[in-house]
Amino acid sequence: MDYAALNFQPILLTLKLALTTVGVLLVVGIPIAWWLAHTGSRIRPIVEAVVALPLVLPPTVLGFYLLILLGPHGWLGQPFSALTGDPLSFSFAGLVIASTLYSLPFVVQPLHTTFEAIGKSPLEAAWTLGASKWDAFWTVATPLALRGYITAIVLGFAHTLGEFGVVLMVGGSIPGKTKVVSIEIYDHVETLEYTQAHILSGGLLIFSFLVLLTVYTLNRRLPVHVS
Amino acid sequence: MSRLIARFKLDFPNFQLDASLEVPVEGFTVLFGPSGCGKTTLLRCLSGLERCPDGFLQIGDTVWQDESRGIFLPVPKRPVGYVFQEARLFNHLSVDGNLNYALKRSSGKNASSRFDQVVNILDLGPLLKNRAHQLSGGEKQRVAVARALLTEPGLLLMDEPLAALDAKRKQEILPYFQRVQEELGIPVFYVTHSISEVLQLVDTLVLMEQGRVTQTGPLDEVFSHVESMPGSSALPIGGILETQVIRQDEDYHLTVLQFKEQTLYVPRQNVKQGSRLRVNIHAGDVALAVSPVQHQTSVLNVLPAVIKKVVQNEEDPYMAKVLLDVGAPLWATITRKSLANLKLKEGQKVFAHIKAIRMVHDLD
Numbered sequence: 001m002d003y004a005a006l007n008f009q010p011i012l013l014t015l016k017l018a019l020t021t022v023g024v025l026l027v028v029g030i031p032i033a034w035w036l037a038h039t040g041s042r043i044r045p046i047v048e049a050v051v052a053l054p055l056v057l058p059p060t061v062l063g064f065y066l067l068i069l070l071g072p073h074g075w076l077g078q079p080f081s082a083l084t085g086d087p088l089s090f091s092f093a094g095l096v097i098a099s100t101l102y103s104l105p106f107v108v109q110p111l112h113t114t115f116e117a118i119g120k121s122p123l124e125a126a127w128t129l130g131a132s133k134w135d136a137f138w139t140v141a142t143p144l145a146l147r148g149y150i151t152a153i154v155l156g157f158a159h160t161l162g163e164f165g166v167v168l169m170v171g172g173s174i175p176g177k178t179k180v181v182s183i184e185i186y187d188h189v190e191t192l193e194y195t196q197a198h199i200l201s202g203g204l205l206i207f208s209f210l211v212l213l214t215v216y217t218l219n220r221r222l223p224v225h226v227s
Numbered sequence: 228m229s230r231l232i233a234r235f236k237l238d239f240p241n242f243q244l245d246a247s248l249e250v251p252v253e254g255f256t257v258l259f260g261p262s263g264c265g266k267t268t269l270l271r272c273l274s275g276l277e278r279c280p281d282g283f284l285q286i287g288d289t290v291w292q293d294e295s296r297g298i299f300l301p302v303p304k305r306p307v308g309y310v311f312q313e314a315r316l317f318n319h320l321s322v323d324g325n326l327n328y329a330l331k332r333s334s335g336k337n338a339s340s341r342f343d344q345v346v347n348i349l350d351l352g353p354l355l356k357n358r359a360h361q362l363s364g365g366e367k368q369r370v371a372v373a374r375a376l377l378t379e380p381g382l383l384l385m386d387e388p389l390a391a392l393d394a395k396r397k398q399e400i401l402p403y404f405q406r407v408q409e410e411l412g413i414p415v416f417y418v419t420h421s422i423s424e425v426l427q428l429v430d431t432l433v434l435m436e437q438g439r440v441t442q443t444g445p446l447d448e449v450f451s452h453v454e455s456m457p458g459s460s461a462l463p464i465g466g467i468l469e470t471q472v473i474r475q476d477e478d479y480h481l482t483v484l485q486f487k488e489q490t491l492y493v494p495r496q497n498v499k500q501g502s503r504l505r506v507n508i509h510a511g512d513v514a515l516a517v518s519p520v521q522h523q524t525s526v527l528n529v530l531p532a533v534i535k536k537v538v539q540n541e542e543d544p545y546m547a548k549v550l551l552d553v554g555a556p557l558w559a560t561i562t563r564k565s566l567a568n569l570k571l572k573e574g575q576k577v578f579a580h581i582k583a584i585r586m587v588h589d590l591d
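So the protein lines, in turn, are chains R and D. Going letter by letter, the first sequence gives residues 1 to 227 in the numbering used here. Going letter by letter, the second sequence gives residues 228 to 591 in the numbering used here.
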């Protein structure tokens, strides 16, 4: 096999995208999940439905709207290019935004479930012991929700690795900028380069399997703290 | 001595709290009433965990909540310790970790000596390294009390801390409550639907019914002011007698108590001669006789009494409630037929035959 022909750029780009996306997802997803678990608001089901949309929509639909939103005349694209001089669509930043939306339910849902299972009781106890809400979140809710966090991080990461449709619509396949592994595989197959397609596909398969295996093993070993 | 003044109104779908309370913040105050009367909600209002839209709370000269002036002291800022019914220990921490969580957030000095003192009072030394979720129910509550004490509270709120425990465990924990009272002197507000468990500790009693505070005051004062024996459920007690231990009767395995000039016998108690003991008599355990037929009955305890009041209501068409003065107020429930047969009326002298005296170990 001609290993030299194997291009590592898409692999590195994919990892970079997945890690960045997970970071953004945590910053965005934790407050949403926390709010969903503790609010009594009537708009809660609406927010839940919106967060879950990427689970059921064809990636092309999501990608299509994102393309419009991120495009040079879109709500997000226009201010972005006015500020930076670069377009948001067909850029790495655009890919991160798209991946974040696409993988949002995979992060929000496990966190939401865990926060709900923990409930308000231990938080109330922490408040009466002099902890502020912020303090209680980090010192009580977070350690109790450890399993939920790990599940969320891994699912968010793995799901971003595997995305294809949204990335193709929003990012195109610009080498080094937006060409991730899944698209590289598609290109190889199109040009009948089955060897390269095999190596990348097999690599992604094994990697994803190992990641999930690690989570489920960890989940069994981590004690469930919620009583 | 500071006083607590509180007014809280809260509407829930099937329950309404409308309580005003004024009590000294001192000693052991018991909020007592049937399940669902709002005592836990009132306690949560005092702690700030529940916020009433137009609530008011003042302790001493400090206003903690006055919604009309936009004042609300947030929970973590209140110098209050809270012990929940289910202990609510942090299961991701050890006992030591749980205690230090409170200690680290308290403002007081001498943290380490205070830690040692509290651990000592509640006998937690051997448990410090255990994980919180490995403890028994009774141990959990002891840790919860210690944790609340380490915040150096000016007031300790306890919400039915014994409710989840069986009678034997209750027995094990009660002495610790007494020690906390004696050694730290922190005022306690204690919520319960079973007054016998804290009978020996009560200084002030707050009676609650259907979201309202109906009576407040020292134990005996509350009993003599109660207009009628409030709902069969709120006060399943006929009266509480303050007695003194005279001696132990080893032959019959009894403890002999003195109440006013009278002698009472109870099953042998593990108490010291000369010590004070409160006993609890259920209204249904009191029978009335017009003559002292002591030598003709198996009932040991007979007290001369004067009938103060007779109450009959439609809820129990065959029963009458009789308020007696035996040196302390005591309610008796008898049938209306007996009332008629004996021609009982207010002011009459009778004899109260007490069939059973409830002791602390008869926790209900």
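The C-beta atom is built at its ideal place from N, Cα and C for all residues, glycine as well.
For a cut-off of 8 Å, the C-beta gap from Ala-158(R) to Ser-99(R) is around 12 Å, too long to register as a contact.
Ala-329(D) has a beta carbon lying within less than 7 Å of a beta carbon in chain R. An exposed status is given to Ala-567(D), since fewer than 16 other beta-carbon atoms sit within 10 Å of its beta-carbon. Residue burial is scored here from C-beta neighbours: Val-27(R) has fewer than 16 other C-beta atoms within 10 angstroms and is therefore classed as exposed. Around Trp-134(R), no beta-carbon contact reaches into chain D at under 9 Å, the shortest distance being about 10 Å.
In the structure shown, the three-state DSSP call for Trp-75(R) is coil. Within the segment 32 to 45 of chain R, no residue places its CB atom closer than 9 Å to a CB of chain D. Around the beta carbon of Pro-54(R), a 10 Å sphere encloses 16 or more other beta carbons of the protein chains shown; the residue is thus reported as buried.
Looking at Val-252(D), Thr-560(D), Val-472(D), the one whose alpha-carbon comes closest to that of Gly-381(D) is Val-252(D). Arg-278(D) has its alpha-carbon roughly 17 Å from the corresponding atom of Gly-130(R). Of the candidates Ser-321(D), Phe-317(D), Gln-285(D), Gln-285(D) places its Cα closest to the Cα of Arg-305(D). The residue among Thr-60(R), Thr-21(R), Gly-119(R), Gly-63(R) with its C-alpha nearest the C-alpha of Thr-39(R) is Gly-119(R).
In this structure, Val-290(D) keeps its C-beta atom at 7 Å or more from the C-beta atom of Ala-371(D). In terms of beta-carbon proximity, Tyr-417(D) stays away from the interface with chain R, with every pair separated by 7 Å or more. Taking Trp-558(D) as reference, the option from Gln-523(D), Gly-308(D), Ile-581(D) with the minimal CA-CA separation is Ile-581(D).
Along the segment 126 to 153 of chain R, going in chain order, the ones with a CB nearer than 9 Å to a CB of chain D are Ala-126, Trp-127, Thr-128, Leu-129, Gly-130, Ala-131, Ser-132, Lys-133, Asp-135, Ala-136, Thr-139, Val-140, Pro-143, Leu-144, Leu-146. Beyond the five residues adjoining it in sequence on each side, Leu-17(R) comes within less than 8 Å, by CB distance, of Phe-92, Leu-95, Val-96, Ser-99, Thr-160, Val-180 in the same chain, given in chain order. Around the Cβ of Ser-339(D), a 10 Å sphere holds fewer than 16 other Cβ atoms; the residue is exposed. Counted as a single uninterrupted DSSP element, the beta strand (DSSP E) harbouring His-580(D) occupies residues 576 to 581. Those residues of the segment 94 to 125 of chain R placed with their C-beta closer than 8 Å to a C-beta in chain D are Ser-121, Pro-122, Glu-124, Ala-125, ordered along the chain. For Thr-268(D), no Cβ of chain R is located within less than 7 Å of the residue's own Cβ. Taken in chain order, the complete alpha helix (DSSP H) segments of 4 or more residues contained in the segment 502 to 584 of chain D are 563 to 568. The shortest C-alpha to C-alpha distance from Glu-294(D) to any of Tyr-479(D), Pro-353(D), Gly-254(D), Ala-233(D) is the one to Ala-233(D).
Considering only Asp-86(R), Ala-141(R), Tyr-216(R), the residue with the shortest C-alpha distance to Ile-30(R) is Ala-141(R). In this structure, Leu-316(D) keeps its C-beta atom at 7 Å or more from the C-beta atom of Asn-327(D).
Counting along the chain, no beta strand (DSSP E) covers Tyr-479(D), and no H or E run does either. Taking Leu-218(R) as reference, the option from Ile-185(R), Thr-151(R), Tyr-194(R), Asp-187(R) with the minimal CA-CA separation is Thr-151(R). The closest CA to that of Leu-530(D), considering only Phe-486(D), Asp-245(D), Pro-494(D), Leu-434(D), is found on Phe-486(D). Under the 7 Å criterion on CB atoms, Leu-376(D) is classed as non-interfacial with respect to chain R. Taking each of Val-51(R), Val-154(R), Phe-137(R) in turn and checking the Cα distance to Leu-19(R), the smallest one comes out for Val-154(R). When Cβ-Cβ separations below 7 Å define contact, Val-407(D) makes no contact with chain R. The beta carbon of Arg-503(D) lies closer than 8 Å to those of Glu-469, Thr-470, Gln-471, Val-472 in the same chain, with the five residues before and after it left out. Proximity of Val-310(D) to chain R, defined by a Cβ-Cβ separation below 7 Å, is not satisfied. Under the three-state reduction of DSSP, Val-433(D) is assigned to strand. Taking all protein chains in view, the Cβ of Lys-367(D) is crowded by 16 or more other Cβ atoms within 10 Å, so the residue is classified as buried. Take Lys-576(D), set aside five residues on each side of it, and the residues of its chain with a beta-carbon closer than 6 Å to its own are Val-533, in chain order.
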